[in-house]
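A.B. asks:
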Amino acid sequence: MSYMQQFPPPPFYPRFQLEYRRTDQLEYEAIMNRNEAVFYEQYGAHMKAQEEQRA
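When the sequence shown is numbered by our numbering, its final residue is 77 and no position is left out of the sequence of numbers.
#1: Whole angstroms are fine: how far does the CA of E58 sit from the CA of A71?
#2: Taking only the alpha-carbon atoms, compute the straight-line gap between R44 and R37 and give it to the nearest angstrom.
#3: Work out the CA separation of E63 and L48 for me, nearest whole Å.
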């Protein structure tokens, strides 16, 4: 049994290592952007609640 029969290539097989890194980078950026948006949303709500408490 050959190596290729035992270990077929993955379905997404980029020609260059760079393509793996680029998809990872895009996923990472999307996750971080979402985290940042959620943070500011929650922080804004928190500050608003504090303002209302003071008033």
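Cβ atoms here follow ideal geometry from the backbone N, Cα and C, with glycine treated the same way. No experiment lies behind these values; they were computed from the predicted model shown.
C.D. replies: Let me lay it out:
#1: 20 Å
#2: 13 Å
#3: 23 Å
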